[in-house]
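S.K.: Residue numbers (mature numbering (1 follows the signal peptide of the UniProt record, and there is no 0)): -22 to -1, 1 to 551. In this text, a Cβ means the ideal position worked out from N, Cα and C, and glycines have one as well. This is the structure I want to talk about, given as structure tokens.
Written out as structure tokens, the structure is:
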């Protein structure tokens, strides 16, 4: 009985000595001070009791801060046989403006925290060693010309682990901006602290003269930082959103000088070069010559490079391909390139000069106009002359001239009719081939007998047509072969679009046929002339047929052996 009474008195004494636990203290702190404008920091609020999380009112923060994610945690610890409880809030804040701000006091159940004075400084003004994340940027020059490529390099420094984020381009009015190349990922040591560095390069091309203000690139994302929660045996990291921005920069843009002559191009260095078959000393009439001209410019925009126009002698016909433009980085320099490839076909033998090519440009460092020059080149062409116009007879009477014009009109009409008939026949043959999978012989005109009609398909049939020496038959078989290859009716014009070499070969055959008809019409002895002309045609078509067959083989090889394009990397660095 005495023991029971003693135990009850002991419990009452403990209750008097330790009253019921109640909230008695609120503490508020920030993880760093000062902070930069727009940069997220953490506001920690803790109370020494377990309370309802809805009792904390943070609406007063909205006046001066952007309020981000808020997390709440509770903990209970036993210390010296006493239960210590705590409720903790972590609020992500970003100041809206620079200057001296105040984080107000917070009250719960009549207990208040102390207000916190906070200094907010300009973005990018904090020393690097005080930041877990910051951005630096610079431009290649603070004075430029309209149309000049200004290099803007931005570096994102990270001393914490990056989870995700977006690095946005600088903002600028009155100029074009584009990213050049891929991001570079490396590391640097700044004031004894190692940072991961992500570097990106932009090209800025001002459109108007005057002072250009560049608002710096910005970053927004999530990083992993060490948790500041107390208690527990093990530390851990937590995700936290962060923002940073590069300082603003100014560039003075000058107009193009009025003394400049030519199409405006400003670059640090400009060069012209060509790719030409140097190993060939003499060329042949009708054989295409491949020439590639390349214009290179350092620190220039590819779209500002002028088109290169080749002025050639009348005896040289040029068949250019579509020009190519690209920009790449080489030895820390941005290089823009313009290249154009042409097939040059000589129609006559002789010695010809490819004129020099000049490209004027402005040197911004020396502030003067300079010229990039591709020297003139002399070529020697051998072989019989191929006339691209019929020989004009010299008659003394007007009636003879009238007959000449009549003959010329007749020839053009005949060629047009032959082409039309050949196209119609090819269309019919192609449809029959799809239906019957076999090609029936087609008669072109009375000069081709049924025994000579085209019976083979593809390259073999074209070789047989070339062996016959009949240009009409060659053209018909050419259309038939490409119609089968493309699975659609093909005209000579469409076939010529397949490649410059093929276009040149077709033109030379047409010129040959036209010249042969012109020579034949001026002979009085039609029977002897017909035989002689036939033999002459057979003996002089070998070069043209060889060029045609080579061009066709190249096209067939291109269609029969397509190369698979590589897949783009799924996760580019």
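So which of 242, 140, 182, 283 has the shortest CA-CA distance to residue 217?
M.R.: Locating residue 217 in the chain shown gives position 239, counting from the first residue. It is 140 whose Cα lies nearest to the Cα of residue 217.
S.K.: For residue 451, which of helix, strand or coil comes out of DSSP?
M.R.: To locate residue 451, count along the chain shown from 1; it is residue 473. Looking at residue 451 - three-state DSSP - the assignment turns out to be helix.
S.K.: Tell me the DSSP secondary structure of residue 1 in three-state form.
M.R.: The sequence position of residue 1 within the chain shown is 23, counting from 1. Here residue 1 sits in coil by DSSP.
S.K.: Taking all protein chains shown into account, decide if residue 520 is buried (16 or more other Cβ within 10 angstroms of its Cβ) or exposed.
M.R.: Taking the first residue of the chain shown as 1, we reach residue 520 at position 542. Per the 10 Å Cβ criterion, exposed.
S.K.: Taking the CB atoms as reference points, tell me whether residue 358 and residue 318 lie closer together than 8 Å.
M.R.: The residue you call residue 358 lines up with position 380 of the chain shown. The residue you call residue 318 lines up with position 340 of the chain shown. Taking 8 Å as the Cβ cut-off, residue 358 and residue 318 do not qualify as a contacting pair.
S.K.: State buried or exposed for residue 83, treating a residue as buried only when at least 16 other CB atoms are found within 10 Å of its CB.
M.R.: Within the chain shown, residue 83 is the residue found at index 105, counting from 1. Exposed.
S.K.: Please classify residue 532: is it buried, with 16 or more other beta-carbons within 10 angstroms of its beta-carbon, or exposed?
M.R.: The residue you call residue 532 lines up with position 554 of the chain shown. It counts as exposed.
S.K.: Excluding sequence positions up to five away, which residues of its chain have a Cβ less than 7 Å from the Cβ of residue 93?
M.R.: Residue numbering aside, residue 93 sits at position 115 when the chain shown is read from its first letter. 80, 81, 82, 83.
S.K.: Can you check which of these residues, 145, 221, 290, is closest to residue 356 by C-alpha distance?
M.R.: Position 378 of the chain shown, counted from the first residue, corresponds to residue 356. Nearest of 145, 221, 290 to residue 356, Cα basis: 290.
S.K.: Going straight from the alpha carbon of residue 95 to that of residue 3, what length do you get?
M.R.: By one-based count along the chain shown, residue 95 stands at place 117. By one-based count along the chain shown, residue 3 stands at place 25. Whole-angstrom Cα-Cα distance: 20 Å.
S.K.: In whole angstroms, give me the CA-to-CA distance for residue 164 and residue 11.
M.R.: Working through the chain shown from its first residue, we reach residue 164 at position 186. Working through the chain shown from its first residue, we reach residue 11 at position 33. In a straight line, the C-alpha of residue 164 is about 29 Å away from that of residue 11.
S.K.: Using only the heavy atoms of the ligand COA, determine whether one of them is closer than 7 Å to the beta carbon of residue 38.
M.R.: Among the components modelled here there is no ligand, and therefore nothing to report on the ligand COA.
S.K.: My assumption, with CB atoms under 8 Å, is that residue 303 sits in contact with residue 280. Please give the rounded CB distance.
M.R.: By one-based count along the chain shown, residue 303 stands at place 325. By one-based count along the chain shown, residue 280 stands at place 302. At roughly 4 Å, the Cβ-Cβ gap stays under 8 Å, so residue 303 and residue 280 are in contact.
S.K.: If contact is defined by three or more beta carbon pairs under 8 Å, each pair taking one atom from either stretch, is the segment 166 to 175 in contact with the segment 120 to 130?
M.R.: In short, these stretches do not touch, since the Cβ pair count stays below three.
S.K.: At the level of alpha carbons, what is the spacing between residue 190 and residue 253?
M.R.: Mapped onto the chain shown, residue 190 falls at position 212. Mapped onto the chain shown, residue 253 falls at position 275. The alpha-carbon atoms of residue 190 and residue 253 are separated by roughly 41 Å.
S.K.: Considering only DSSP beta bridges, list what residue 147 is partnered with.
M.R.: One-based indexing of the chain shown puts residue 147 at position 169. Residue 147 pairs with nothing; no bridge assigned.
S.K.: Let me check understanding here. Comparing Cα to Cα, which of 530, 354, 486 lies closest to residue 439?
M.R.: Along the chain shown, read from residue 1 onward, the residue named residue 439 stands at position 461. For the residues 530, 354, 486, the minimum Cα distance to residue 439 belongs to 530.
S.K.: Under a three-way DSSP split, which group does residue 389 fall into?
M.R.: Indexing the chain shown from 1 puts residue 389 at position 411. Low per-residue confidence applies at residue 389: pLDDT is 44, beneath 50, and the placement is therefore not dependable, though the value from the model is reported in the following sentence. The answer is helix: DSSP assigns residue 389 an H, G or I state.
S.K.: Alpha carbon to alpha carbon, what distance is there between residue 174 and residue 344?
M.R.: For the purposes of this step, residue 344 is taken as the residue at position 366 of the chain shown. For the purposes of this step, residue 174 is taken as the residue at position 196 of the chain shown. For residue 344 and residue 174, the distance between alpha carbons rounds to 38 Å.
S.K.: Measuring straight from C-alpha to C-alpha, what distance separates residue 183 and residue 342?
M.R.: Here residue 183 refers to the residue found at position 205 of the chain shown. Here residue 342 refers to the residue found at position 364 of the chain shown. Those two C-alpha atoms are separated by around 14 Å.
S.K.: How many Å lie between residue 314 and residue 467 at the Cα?
M.R.: As a working note, residue 314 is residue 336 in the chain shown. As a working note, residue 467 is residue 489 in the chain shown. So the alpha carbons of these two residues sit roughly 41 Å apart.
S.K.: Count the other C-beta atoms from every protein chain shown that fall within 10 angstroms of the C-beta of residue 112, then say buried if there are 16 or more, exposed otherwise.
M.R.: Residue numbering aside, residue 112 sits at position 134 when the chain shown is read from its first letter. Flag for residue 112 reads buried.
S.K.: Pull up the DSSP beta-bridge partners for residue 219, would you.
M.R.: By one-based count along the chain shown, residue 219 stands at place 241. Note: residue 219 sits in a beta bridge opposite 200.
S.K.: Going by DSSP, which residues form a beta bridge with residue 350?
M.R.: The residue labelled residue 350 in the question sits at position 372 within the chain shown. Its beta-bridge partners are 337.
S.K.: Classify residue 486: buried if its beta carbon has 16 or more other beta carbons within 10 angstroms, exposed otherwise.
M.R.: Your numbering for residue 486 matches position 508 in the chain shown. Burial call: buried.
S.K.: For residue 325 and residue 246, I'd like the C-alpha separation in whole angstroms.
M.R.: Translated into the one-based positions of the chain shown, residue 325 becomes position 347. Translated into the one-based positions of the chain shown, residue 246 becomes position 268. Near 41 Å, if we compare the C-alpha coordinates of residue 246 and residue 325.
S.K.: If we call anything under 8 Å between Cβ atoms a contact, is residue 338 one with residue 351?
M.R.: Numbered from its first residue, the chain shown carries residue 338 at position 360. Numbered from its first residue, the chain shown carries residue 351 at position 373. No; because the gap between Cβ atoms is not below 8 Å, this pair is not in contact.
S.K.: Work out the CA separation of residue 9 and residue 204 for me, nearest whole Å.
M.R.: Translated into the one-based positions of the chain shown, residue 204 becomes position 226. Translated into the one-based positions of the chain shown, residue 9 becomes position 31. About 11 Å.
S.K.: For the alpha helix (DSSP H) containing residue 245, name the first residue and the last one.
M.R.: The residue given as residue 245 occupies position 267 in the chain shown. Per DSSP, residue 245 belongs to no alpha helix (DSSP H) and is neither H nor E.
S.K.: Whole angstroms are fine: how far does the CA of residue 136 sit from the CA of residue 33?
M.R.: The residue you call residue 33 lines up with position 55 of the chain shown. The residue you call residue 136 lines up with position 158 of the chain shown. Rounded to the nearest angstrom, the two C-alpha atoms are 37 Å apart.
S.K.: Can you look up residue 118 in the DSSP assignment and give me helix, strand or coil?
M.R.: By 1-based counting over the chain shown, the position of residue 118 is 140. Residue state, collapsed to three classes: coil.
S.K.: Look at the Cβ atom of residue 277, then the Cβ atom of residue 179, and state whether they are nearer than 8 Å.
M.R.: Along the chain shown, one-based indexing puts residue 277 at 299. Along the chain shown, one-based indexing puts residue 179 at 201. No, they are not a contact pair.
S.K.: Taking 8 Å as the threshold (beta carbon to beta carbon), is residue 461 in contact with chain B?
M.R.: No chain B is present in this structure, which holds just one protein chain.
S.K.: Run the CB neighbour count on residue 181, radius 10 Å, all protein chains shown included, and call it buried at 16 or more, exposed below.
M.R.: The residue you call residue 181 lines up with position 203 of the chain shown. Residue 181 is buried by the Cβ-count criterion.
S.K.: Taking its Cβ as the centre, do 16 or more other Cβ atoms sit within 10 Å of residue 28, making it buried, or is it exposed?
M.R.: Start at 1 with the first residue of the chain shown, and residue 28 comes out as number 50. It is exposed - the Cβ of residue 28 has fewer than 16 other Cβ atoms within 10 Å.
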